[in-house]
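Numbering (our numbering), first residue to last: 40 to 290.
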């Protein structure tokens with residue numbers, strides 16, 4: 040058993056707090072920026088530096104709005120509508136993966152339409168630093184002591200503060216899954232592929248992993264499945280159809 044009592048606040052002065060969770064989001068966007076700038080310098084990305092800055096702005100807005108709106112509407116509506124000021128407190132955690140995904144897609148669509156770019160090609164590029172950042176995000180969940188797993192008696196269970204019973208470290212499972220998907224993407228990216236292939240494969244793998252791991256996550260269930268699992272079923276169904284119809288040969 041591991042007693043987990045990490046303070047989620049890294050630094051605090053006056054009324055300002057710097058939390059690990061928020062810092063990890065900043066690191067994720069910095070990783071994305073440096074990756075895009077690296078591709079630009081290698082002439083593998085047809086964007087100017089100011090366009091990369093604009094794209095990051097679109098992505099930040101898309102991720103935050105999409106992830107938070109889904110969190111409020113689908114995951115904890117009773118809590119947030121009872122405490123409306125908490126809707127703005129994103130530093131306390133509570134960001135939906137599915138909402139963030141939709142936010143990123145909309146942001147990419149708007150940016151590509153404005154700059155006459157192929158959105159599938161751009162999503163293939165963004166998904167590599169994006170999945171790595173998602174893995175870091177689950178570490179942020181762990182540091183926030185949020186998204187606890189189900190109660191268990193395995194030797195590596197975590198005893199979180201304010202959460203009864205020793206629990207599966209769901210956050211670690213999910214982070215490892217995302218690092219694994221990141222590794223798969225790096226290997227696939229070495230070969231020529233159709234635009235959109237990396238993005239759709241990554242979303243398929245993430246959704247399958249989410250469905251499987253959510254059985255270890257403490258969550259409300261409807262007919263035995265969580266909301267996240269139902270979203271994952273929808274994603275797998277849609278992407279499986281797309282892959283079979285347009286990417287049967289893959290490359």
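By construction, the Cβ of each residue, glycine as well, lies at the ideal position given by its N, Cα and C atoms.
Remember, predicted model here, so these are calculated numbers, not experimental data.
For residue i, the three-state DSSP class (helix, strand or coil)
i           : result
residue 265 : coil
residue 195 : coil
residue 217 : helix
residue 201 : coil
residue 41  : strand
residue 107 : helix
residue 206 : strand
residue 226 : helix
residue 128 : coil
residue 89  : helix
residue 286 : coil
residue 95  : helix
residue 84  : coil
residue 67  : helix
residue 133 : coil
Which residues DSSP lists as bridging residue i, in chain order
i           : result
residue 241 : DSSP lists no partner for residue 241.
residue 57  : 50
residue 256 : 188
Straight-line Cα distance separating residue j from residue i
i           : j           : result
residue 210 : residue 190 : 14 angstroms
residue 141 : residue 109 : 10 angstroms
residue 219 : residue 176 : 15 angstroms
residue 51  : residue 127 : 19 angstroms
residue 233 : residue 84  : 16 angstroms
residue 283 : residue 139 : 25 angstroms
residue 98  : residue 203 : 37 angstroms
residue 263 : residue 105 : 26 angstroms
residue 107 : residue 238 : 22 angstroms
residue 161 : residue 100 : 17 angstroms
residue 94  : residue 221 : 22 angstroms
residue 57  : residue 173 : 20 angstroms
Start-to-end residues for the beta strand (DSSP E) that takes in residue i
i           : result
residue 178 : Not the beta strand (DSSP E): residue 178 falls in the alpha helix (DSSP H), residues 158-182.
Integer Cβ distance of residue i from residue j, believed to fall under 8 angstroms
i           : j           : result
residue 243 : residue 272 : So it is not a contact: roughly 12 angstroms between Cβ atoms.
residue 90  : residue 154 : 6 angstroms
residue 63  : residue 178 : 7 angstroms
residue 170 : residue 224 : 6 angstroms
is_contact[residue i, chain B] using C-beta, thresh 9 angstroms
i           : result
residue 227 : Here there is only one protein chain, and chain B is not present.
Start and end residues, alpha helix (DSSP H) containing residue i
i           : result
residue 116 : 116-121
residue 142 : 136-154
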